[in-house]
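I have placed the structure first, in the form of structure tokens, so that the comments after it can refer back to it.
There are 2 protein chains.
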Amino acid sequence: MPVSMYAVSVPTFQKHLHALDGILDKAMAYAVAKKIDPATLLKARLYPDMFDVTRQVQAACDFAKSAAARLANVEAPSHPDTETTFAELKERIAKTLAFLATLKPEQMDGSEDRVLTIKVGPNDMTFAGRDYLLHFALPNFYFHCTTAYGILRHNGLEIGKRDFMRRV
Amino acid sequence: MPVSMYAVSVPTFQKHLHALDGILDKAMAYAVAKKIDPATLLKARLYPDMFDVTRQVQAACDFAKSAAARLANVEAPSHPDTETTFAELKERIAKTLAFLATLKPEQMDGSEDRVLTIKVGPNDMTFAGRDYLLHFALPNFYFHCTTAYGILRHNGLEIGKRDFMRRV
Numbered sequence: 001m002p003v004s005m006y007a008v009s010v011p012t013f014q015k016h017l018h019a020l021d022g023i024l025d026k027a028m029a030y031a032v033a034k035k036i037d038p039a040t041l042l043k044a045r046l047y048p049d050m051f052d053v054t055r056q057v058q059a060a061c062d063f064a065k066s067a068a069a070r071l072a073n074v075e076a077p078s079h080p081d082t083e084t085t086f087a088e089l090k091e092r093i094a095k096t097l098a099f100l101a102t103l104k105p106e107q108m109d110g111s112e113d114r115v116l117t118i119k120v121g122p123n124d125m126t127f128a129g130r131d132y133l134l135h136f137a138l139p140n141f142y143f144h145c146t147t148a149y150g151i152l153r154h155n156g157l158e159i160g161k162r163d164f165m166r167r168v
Numbered sequence: 169m170p171v172s173m174y175a176v177s178v179p180t181f182q183k184h185l186h187a188l189d190g191i192l193d194k195a196m197a198y199a200v201a202k203k204i205d206p207a208t209l210l211k212a213r214l215y216p217d218m219f220d221v222t223r224q225v226q227a228a229c230d231f232a233k234s235a236a237a238r239l240a241n242v243e244a245p246s247h248p249d250t251e252t253t254f255a256e257l258k259e260r261i262a263k264t265l266a267f268l269a270t271l272k273p274e275q276m277d278g279s280e281d282r283v284l285t286i287k288v289g290p291n292d293m294t295f296a297g298r299d300y301l302l303h304f305a306l307p308n309f310y311f312h313c314t315t316a317y318g319i320l321r322h323n324g325l326e327i328g329k330r331d332f333m334r335r336v
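Chains A and B supply the protein sequences, listed in that same order. According to our numbering, the residues represented by the first sequence are 1 to 168, in order. According to our numbering, the residues represented by the second sequence are 169 to 336, in order.
And the structure:
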């Protein structure tokens, strides 16, 4: 049988949030080893008007949390963007994973055809659940996970595709 | 009904390859406007041991082509990595899109449970089709699309999430 909305969403979010958590561990250790102020790494970005590492991690968490909540038709917990340390970002990931773990596959049954309206900047966007997941939530989630990885790589952190894919 | 393997794969690949093509158009125009040798942009990378823009685009095309071919159980066309110009990379994308356009949704029916074995470096990896698509092909595809975008952004190209998402 075809794939369920749950299978396309939650396990992907879980896998790559765990991967991101592992990358943050390596970045913390790298900052210590190289005597880099951790805040310098967390504020690194690829261009002045792009998000820094902190915002990339927050955005990845938020796309995962919001997508899963909308598809399961439950309220997403509120996670204000207040993190300023690696430990706090890891806690943000942990809270997101804890929320994802509360969701059951059957809560998303039928969400593929449910019409969702979301705010993107000043605009409303309306999607069928299927299109929202495949063409909005997933690409955005991957975008921010990949860019967090790319910024840290650019700053000399020795990680590889294996860390991004969490192939253990 | 849940989502089909085709719906999760081919339209995603098509959308983001079109987006990448549009980003390459903007990068070509940027090189002309700023009198940058196009080869300099194509060889840009975020770290010496990461892929440059050219290889990121080739890899995005290859993950799309191989995944679609494996799931549809057909032979993928061979596209050697010989591109050295923006025009040639756009042609590579066009060939990949032309191949994707030949595939019919029903060719992928049942591929979610088919067992696939692929070579990753020196190793064989074995997956159910569902896991191969969701946890190997899609993250790799998005990784390379995002990193091509990130390298060009880092080099001053004025593009935004709208270009990545091909929101037109």
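Glycine is no exception: its CB is placed at the ideal position from the N, C-alpha and C atoms. Since we're looking at a predicted model, the values are computed, not measured.
Item to check | Alpha-carbon to alpha-carbon, Met5 (chain A) and Ala64 (chain A) | outcome: 13 Å
Item to check | Cβ shell of Pro273 (chain B) (< 7 Å), same chain only, five flanking positions each side left out | outcome: Ser172 and Tyr174
Item to check | Which of helix, strand or coil DSSP assigns to Thr315 (chain B) | outcome: helix
Checklist entry - Counting pairs of Cβ atoms below 8 Å between the stretch 89 to 99 of chain A and the stretch 55 to 69 of chain A, do you hit three or more? => result yes
Item to check | DSSP state of Lys119 (chain A) mapped onto helix, strand, coil | outcome: strand
Checklist entry - At what residues does the alpha helix (DSSP H) containing Asp47 (chain A) begin and finish? => result According to the sequence shown, residue 47 (chain A) is Tyr rather than Asp. Taken as a continuous stretch (DSSP letters only), Tyr47 (chain A) belongs to no alpha helix (DSSP H), as it is neither H nor E.
Item to check | Beta-bridge partners of Ala207 (chain B), as assigned by DSSP | outcome: The partner list for Ala207 (chain B) (beta bridge, DSSP) is empty, contrary to what the question assumes.
Item to check | Cross-chain neighbours of Val176 (chain B) in chain A, by beta carbon under 7 Å | outcome: Val3, Val8 and Leu134
Item to check | Whole-Å CB distance - Tyr142 (chain A) paired with Arg321 (chain B), under 8 Å assumed | outcome: Contact flag wrong, Cβ pair sits at about 16 Å.
Item to check | Unbroken alpha helix (DSSP H) run spanning Lys3 (chain A), endpoints | outcome: The question names Lys, but residue 3 (chain A) is Val in the sequence shown. Looking at the DSSP string, Val3 (chain A) is not in any alpha helix (DSSP H), and its letter there is neither H nor E.
Checklist entry - Going along the chain, which residues of its own chain have a beta-carbon closer than 7 Å to the beta-carbon of Ala68 (chain A), five neighbours each way excluded? => result Cβ within range, chain order: Ser9, Val10, Phe13, Leu100 and Leu103.
Item to check | Contacting positions in the stretch 307 to 328 of chain B - beta carbon closer than 7 Å to chain A | outcome: Pro307, Tyr310, Phe311, Thr314, Thr315, Gly318, Arg321 and His322
Checklist entry - Between Val221 (chain B) and the rest of its own chain, which residues show a CB-CB distance below 6 Å, the 5 nearest in sequence each way excluded? => result Leu210, Ala212, Ala316 and Ile319
Checklist entry - In terms of DSSP beta bridges, what is Thr126 (chain A) paired with? => result A:Thr117
Checklist entry - Which residues of chain A have a Cβ atom closer than 7 Å to the Cβ of Tyr215 (chain B), listed in chain order? => result Arg153 and His154
Next on the checklist: Tell me the DSSP secondary structure of Asp62 (chain A) in three-state form.
Outcome noted: helix
Checklist entry - Of the residues that make up the stretch 185 to 215 of chain B, which ones have a beta carbon closer than 7 Å to any beta carbon in chain A? => result Leu214 and Tyr215
Next on the checklist: Any beta carbon from chain A within less than 8 Å of Lys183 (chain B)'s own beta carbon?
Outcome noted: yes
Checklist entry - Roughly how far, in whole angstroms, is the beta-carbon of Asp331 (chain B) from the beta-carbon of Lys203 (chain B), given that I think they are within contact range, below 8 Å? => result 22 Å between Cβ atoms; not a contact.
Checklist entry - Taking Cβ to Cβ, would you say Leu239 (chain B) is nearer than 8 Å to Gly289 (chain B)? => result no
Checklist entry - What whole-angstrom Cβ distance do Leu170 (chain A) and Tyr132 (chain A) have, given they're in contact under 8 Å? => result Here chain A covers residues 1 to 168 and nothing more, so residue 170 (chain A) does not appear.
Next on the checklist: Within 8 Å of any Cβ in chain B, is that where the Cβ of Glu112 (chain A) sits?
Outcome noted: yes
Checklist entry - My guess is that His312 (chain B) and Lys15 (chain A) are in contact by the Cβ rule of under 8 Å, so how many angstroms apart are they, rounded? => result Not a contact, Cβ separation roughly 18 Å.
Checklist entry - Roughly how far, in whole angstroms, is the beta-carbon of Thr96 (chain A) from the beta-carbon of Leu17 (chain A), given that I think they are within contact range, below 8 Å? => result 6 Å
Checklist entry - Per DSSP, what kind of secondary structure is Arg223 (chain B) in: helix, strand or coil? => result DSSP places Arg223 (chain B) in the helix class (H, G or I) of the three-state scheme.
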